[in-house]
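J.:
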Amino acid sequence: MDRLQSMRVFVKVADNGSFARAAAQLDLSAAVVTRHVAELESHLGVRLLNRTTRSLSLTGAGQAYLERCRQIIDEVEEADAMVSSASSEPKGVLRVVAPVSFTLRNLAPLMHRYQKQHPQVLVDLTLTDRPFDMVEEGYDVGIVAAHMVQSETLITRLLSETCVLVCASPGYLAAHGTPNTPHDLAQHAMLGMPSEIFGNERIFTSADGEEIRIQFQNQFICNNTAMLRQSVLLGHGIAFLPSYLVGSDLKHGDMVALLPDYTLPTFDVNLVYPSRKHLSAKIRTFIDMTVECFRQADAKPRTDCWLAQREGGIAMPAAGEDWQQSVR
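The sequence shown begins at 618 in the numbering used here and counts up one residue at a time.
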């Protein structure tokens, strides 16, 4: 008796509640399916299924055995997939999703390097700043801000911890003045993301550890941080922007980081994928390369946003030589 195959047949019968339906799905005859289950019961010395002319039901022993069979089959398939993936050449379509702003400034070199090393993989990259469902929308891997995906079933690996800065252009500040405390922001034109993403409240922490909660109304709303950055550069108002997006603007004097005596909560940029099981070669190699590129670019968690405020603030690699070198 091929016990593993008999386990597979038993699981299929239990899932379908029918020998005939299980036989059709397995492309076997009903007699062969019945024999597999009978041989299992004979080997175990217990009845697994209660049979009537109209229905099948699991016995108590059958229910317990079913769960163990599922685990064993999953482990065998995972072992097969692991060896097969390690020995096979990555190929096929790899569906990746990432934030618009981060992708435009940071990930092009990574995508280029990956496809150069794995020419049989077609990377299908979707750019979005909205929340989404990884599984329902069919993505293999996501490089995302933490708020973009909410699922306990996803595997999450932290790539970087990013500072949020309060930013304005020199022109805007010359015309409207410079806020000195978080409360002063109520007197300014605020530009921001939709309230369902971040809400209309921000929590600042002062140098002495005091928390200050500020509620405000945006005068311009956009779900794309790259557009908010451009609006700030044009002098339209003040916005909360991730440090990786504005590092170059701050260093060149095109933008100013405000409220240097206060910090905002950081946010995570994560690598997410649906499961550790049965990772194909294309997914496994992309995950490995992405993690290594972030590590080489010194994009590990950094929470010193006081320093980021004062140094032009990149707590994550901006588009530039450091990031380019890390993915060559």
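Where is the CB? At the ideal position from N, CA and C, for every residue including glycine.
(1) Note down the Cα distance separating LEU888 from GLU694, rounded to an integer number of angstroms.
(2) Note down the Cα distance separating VAL908 from LEU896, rounded to an integer number of angstroms.
(3) Could you check whether PRO716 and VAL783 sit closer than 9 angstroms to each other, using their CB atoms as the reference points?
(4) Should the region 791–807 be called in touch with the region 826–846, which here means at least 3 C-beta pairs below 8 angstroms?
(5) As a quick exercise: from ARG652, ASP644, PRO882, ILE820, pick the residue whose alpha carbon is nearest that of SER623.
(6) Give the DSSP bridge partners of GLU827, in chain order.
(7) Is MET872 helix, strand or coil by DSSP?
(8) Do THR822 and THR880 have their C-beta atoms within less than 9 angstroms of each other?
(9) Helix, strand or coil for ALA647 per DSSP?
(10) Just checking my contact of ASP871 with LEU850 at CB under 8 angstroms: how many whole Å lie between their CB atoms?
(11) Can you find at least 3 beta carbon pairs, one from the region 772–782 and one from the region 747–757, that sit closer than 8 angstroms?
(12) Identify which residue in PHE636, LYS868, ASN840, ARG730 has its Cα closest to the Cα of PRO787.
(13) Between GLY759, SER674, THR779, GLY679, which lies nearest to LEU771 when the distance is taken from Cα to Cα?
(14) What distance in whole Å lies between the Cβ atoms of LEU683 and VAL628, which are believed to be in contact at a cut-off of 8 angstroms?
(15) Would you tell me roughly how many angstroms separate the C-alpha atoms of PRO811 and GLY709, rounded to the nearest one?
(16) Please list the terminal residues of the continuous beta strand (DSSP E) segment that includes PHE857.
(17) Does ARG747 come out as helix, strand or coil in the three-state DSSP assignment?
(18) Which of helix, strand or coil does DSSP assign to ARG671?
(19) Measure the CB-CB distance between PHE857 and ALA806 and report whether it falls below 9 angstroms.
(20) Nearest-angstrom Cα distance between SER646 and ALA640?
(21) Bridge partners of CYS784, per DSSP?
(22) Taking its Cβ as the centre, do 16 or more other Cβ atoms sit within 10 Å of ARG620, making it buried, or is it exposed?
(23) For LEU790, which residues from the same chain have a beta carbon less than 7 angstroms from its beta carbon, with the 5 sequence-adjacent residues on both sides left out?
(24) CB-CB under 6 angstroms to ALA681, same chain, minus the five flanking residues each way: which ones, in chain order?
(25) Among residues of its own chain, excluding the 5 on either side of CYS686, which ones have a beta-carbon nearer than 7 angstroms to its beta-carbon?
(26) Hey, could you find the ends of the beta strand (DSSP E) LEU776 is sitting in?
(27) Rounded to the nearest angstrom, what separates ARG612 and TYR731 at their Cα positions?
(28) Please confirm whether ARG664 and GLU656 have their CB atoms less than 9 angstroms apart.
(29) Looking at the secondary structure, which residues open and close the alpha helix (DSSP H) in which ALA843 lies?
(30) For THR743, which option in HIS735, MET728, CYS839, GLN737 has the closest C-alpha, if you only look at C-alpha atoms?
(31) Skipping 5 residues on each side, what residues in its chain have a beta carbon closer than 6 angstroms to that of MET618?
(32) Would PHE903 and VAL713 qualify as a contact pair, given that the criterion is a beta-carbon distance under 9 angstroms?
(33) Give the range of the alpha helix (DSSP H) segment to which ARG625 is assigned.
(34) Give the single residue among GLN642, GLY677, ILE855 whose Cα lies nearest to the Cα of GLY809.
T.: Considering the structure as presented:
(1) 25 angstroms
(2) 16 angstroms
(3) Not a contact, by the Cβ cut-off of 9 angstroms.
(4) yes
(5) Checking every option, the nearest Cα to that of SER623 belongs to ARG652.
(6) Bridge partners of GLU827: none, in fact.
(7) coil
(8) yes
(9) helix
(10) Correct: roughly 6 angstroms between the Cβ atoms.
(11) Taking 8 angstroms as the limit for Cβ pairs, the verdict is that the region 747–757 does not touch the region 772–782.
(12) LYS868
(13) Of the candidates GLY759, SER674, THR779, GLY679, the one whose C-alpha sits nearest the C-alpha of LEU771 is GLY759.
(14) 6 angstroms
(15) 36 angstroms
(16) Residues 855–859.
(17) In the structure shown, ARG747 adopts coil according to DSSP, grouped into three states.
(18) coil
(19) no
(20) 6 angstroms
(21) ALA856, ALA874
(22) exposed
(23) VAL873
(24) none
(25) MET624, PHE627, VAL628
(26) 772–779
(27) This structure leaves residue 612 out entirely; the chain is present only between 618 and 945.
(28) no
(29) 842–850
(30) MET728
(31) GLU656
(32) yes
(33) 620–633
(34) ILE855
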